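Below is one structure, written out as structure tokens; the observations come after it.
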Amino acid sequence: MLIVMDKKATQAEIDTVIAVIKQRGFTARPIPGGERTSIGILNNKGHVDGSPFLGLPGVKDAINVTRPYKLVSREFKHEDTIIQIGDVSIGSGNLTIIAGPCAVESEYQALTIAEHVQRSGAQLFRGGAFKPRTSPYSFQGLGEEGLKILAKVREKTGMPVVTEVMDMENMDLVTEYADVIQIGTRNMQNFSLLRKAGRASKPVLLKRGMAATIDEWLMAAEYIMEGGNSQVILCERGVRTFVHHSRNTLDLSAVSVVVKESHLPIVVDPSHAAGQRDQVIPLSRAAVAVGAHGLIVEVHHAPEEALSDGAQSLYPDQFDRMCRQVRSIYNDLKESNG
Ligand code: PEP
Ligand code: MN
Numbered sequence: 003m004l005i006v007m008d009k010k011a012t013q014a015e016i017d018t019v020i021a022v023i024k025q026r027g028f029t030a031r032p033i034p035g036g037e038r039t040s041i042g043i044l045n046n047k048g049h050v051d052g053s054p055f056l057g058l059p060g061v062k063d064a065i066n067v068t069r070p071y072k073l074v075s076r077e078f079k080h081e082d083t084i085i086q087i088g089d090v091s092i093g094s095g096n097l098t099i100i101a102g103p104c105a106v107e108s109e110y111q112a113l114t115i116a117e118h119v120q121r122s123g124a125q126l127f128r129g130g131a132f133k134p135r136t137s138p139y140s141f142q143g144l145g146e147e148g149l150k151i152l153a154k155v156r157e158k159t160g161m162p163v164v165t166e167v168m169d170m171e172n173m174d175l176v177t178e179y180a181d182v183i184q185i186g187t188r189n190m191q192n193f194s195l196l197r198k199a200g201r202a203s204k205p206v207l208l209k210r211g212m213a214a215t216i217d218e219w220l221m222a223a224e225y226i227m228e229g230g231n232s233q234v235i236l237c238e239r240g241v242r243t244f245v246h247h248s249r250n251t252l253d254l255s256a257v258s259v260v261v262k263e264s265h266l267p268i269v270v271d272p273s274h275a276a277g278q279r280d281q282v283i284p285l286s287r288a289a290v291a292v293g294a295h296g297l298i299v300e301v302h303h304a305p306e307e308a309l310s311d312g313a314q315s316l317y318p319d320q321f322d323r324m325c326r327q328v329r330s331i332y333n334d335l336k337e338s339n340g
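Each residue of the sequence shown is one higher than the one before, counting from 3 in my numbering.
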């Protein structure tokens, strides 16, 4: 249930509602909005009767929330969430481009790619230091050394960095270095990791599980928000289907569903969906056209030598073209939407 306060409700009236919610054994979660505050009721096992709240001063409405996810839903919070990372804001009103290699391989590699992508207009740098690889014999990432290289990239370019955390053990270490913590497709339902990310001090980029429904994905985001971290960015990266022409199938319809169901920003990863670079630019254009708030794209200055995901990594000149095209689509849409 969501208790919607009157625009003119005082802090004392809000506090009273919170106290009554707690008295009844539920959790109260105030959600400040542009115009008014709402208070979500969490941890109720069944239906909550709204009538006792409707009689309290300053209460405008008591709405039953129909979705299984609460904090992530538009029913709970109508306005888009905008996530601020340094000078970059992710959410409505602008297009955010995150780019970099699949994995950090060396300082030279990371800095070279960072300079290229920044020149083309990327605002954030991506690169894995801990890599979830299908084979234990594949390159697993540089670990802490990779995180230190990312810190150097940030220092030299000013770009905030996005990097994956694979397990509980490294959460604090990754949080220390990263500006955005990525939770990968394979960990989307690692509930203890999600809970830990819910207590982290940095925004979380939550990738959709490769076989997850939208509801399951939003419930995973709910774990993070329930833990107290409201800075969640959703990332559609394709799901497993029967096709062989691409690594995964990019579920573009998920973007419009998520925008309708949730106030959280959503970015699209065309690289892991495609698995091959010739599909990456067309999918990026489509993702922006369908309403994504941003893109996260793999780029490498020498993809044939990449230690992971070289086949799907764009060359810098391709990335440059992609940026120009998606920005033009984004701006056209923004203009025609008024
Ligand atoms: C990645 O972004 O490097 C990655 C491993 O992505 P995913 O979890 O979507 O496979
Ligand atoms: Mn990759």
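Every residue gets a Cβ at the ideal spot worked out from N, C-alpha and C, and that includes glycine.
Small disclaimer: the values here were computed from a predicted structure and weren't measured.
Does the distance between the C-beta of residue i and the nearest non-hydrogen atom of the ligand PEP fall short of 7 Å?
| i | result |
| --- | --- |
| Thr187 | yes |
| Arg242 | no |
| Glu166 | yes |
| Gly145 | no |
| Gly57 | no |
| Arg249 | no |
| Gly277 | no |
| Asp181 | no |
| Gly130 | yes |
| Asp271 | yes |
| Arg76 | no |
| Pro205 | no |
| Arg1 | Any property of residue 1 remains undetermined from this structure, which presents the chain solely from 3 to 340. |
| Pro32 | no |
My understanding is that residue i touches residue j, with C-beta atoms under 8 Å, so please give their C-beta distance in whole angstroms.
| i | j | result |
| --- | --- | --- |
| Arg249 | His274 | 7 Å |
| Gly93 | Leu73 | The Cβ separation is near 16 Å, so there is no contact. |
| Asp167 | Met173 | Note on residue identity: the sequence assigns Val, not Asp, to residue 167. Val167 to Met173, Cβ: 5 Å. Contact. |
| Ile331 | Val290 | 5 Å |
| Glu171 | Gln191 | Wrong, their Cβ atoms sit about 18 Å apart, outside the cutoff. |
| Leu4 | Val61 | At roughly 11 Å, the Cβ-Cβ gap does not stay under 8 Å, so Leu4 and Val61 are not in contact. |
| Val22 | Leu58 | 7 Å |
| Ile115 | Val245 | At roughly 30 Å, the Cβ-Cβ gap does not stay under 8 Å, so Ile115 and Val245 are not in contact. |
| Ile87 | Leu149 | Contact flag wrong, Cβ pair sits at about 17 Å. |
| Glu155 | Gln184 | According to the sequence displayed, residue 155 carries Val and not Glu. Going by Cβ atoms, the distance from Val155 to Gln184 rounds to 15 Å, so no, they are not a contact pair. |
| Pro162 | Val90 | 6 Å |
Is any heavy atom in the ligand MN found nearer than 7 Å to the beta carbon of residue i?
| i | result |
| --- | --- |
| Ser137 | no |
| Asp1 | Residue coverage of the chain in this structure runs from 3 to 340, which leaves residue 1 outside it and unanswerable. |
| His303 | no |
| His274 | yes |
| Glu306 | no |
| Glu300 | yes |
How about residue i and residue j: are their beta carbons less than 8 Å apart?
| i | j | result |
| --- | --- | --- |
| Arg287 | Gly123 | no |
| Ala101 | Val299 | yes |
| Val106 | Leu152 | yes |
| Gly200 | Tyr225 | yes |
| Pro267 | Ile85 | yes |
| Cys104 | Ser255 | no |
| Leu285 | Leu252 | yes |
| Lys158 | Leu195 | no |
| Lys9 | Arg31 | no |
| Gly35 | Glu81 | yes |
| Gly229 | Arg197 | yes |
Cutting at 7 Å between CB atoms, please list the residues of its own chain near residue i, excluding the five before and the five after it.
| i | result |
| --- | --- |
| Cys325 | Ile99, Ser122 and Gly123 |
| Ala308 | Pro103, Cys104, His302 and Ser315 |
| Glu109 | Ile151 and Lys154 |
| Leu56 | Ala64 |
By Cβ distance below 8 Å, which residues in the same chain neighbour residue i in space, the five residues on each side in sequence not counted?
| i | result |
| --- | --- |
| Gln278 | Ser248, Arg249, Ala313 and Gln314 |
| Ser75 | Val67, Arg69, Leu220, Glu263, Ser264 and His265 |
| Lys24 | Ala30 |
| Val257 | Glu238, Ile268, Val270, Ala289, Val292, Gly293 and Ala294 |
| Gln327 | Ile283, Ser286 and Arg287 |
| Ser232 | Leu73 and Thr83 |
| Asp280 | none |
| Val261 | Ile268 and Gly293 |
Give every residue of the same chain whose Cβ lies closer than 6 Å to the Cβ of residue i, excluding the five residues on either side of it in the sequence, and list them in chain order.
| i | result |
| --- | --- |
| Ile65 | Leu4 |
| Arg188 | Pro134 |
| Gly143 | Ala105, Gly130, Ala131, Phe132 and Lys133 |
| Ile283 | Met324 |
| Phe28 | Ile43, Asn45 and Asn46 |
| Phe141 | Leu309 and Ser310 |
| Leu335 | none |
Can you determine whether any heavy atom of the ligand NAP sits closer than 7 Å to the C-beta of residue i, and answer yes or no?
| i | result |
| --- | --- |
| Cys104 | The ligand NAP is not part of the structure shown, which contains the ligand PEP and the ligand MN as its ligands. |
message = Does the segment 233-241 come into contact with the segment 263-274, if we say contact requires no fewer than three beta-carbon pairs (one atom in each stretch) closer than 8 Å?
response = yes
query = Contact between the segment 203-214 and the segment 46-56: three or more CB pairs below 8 Å?
reply = no
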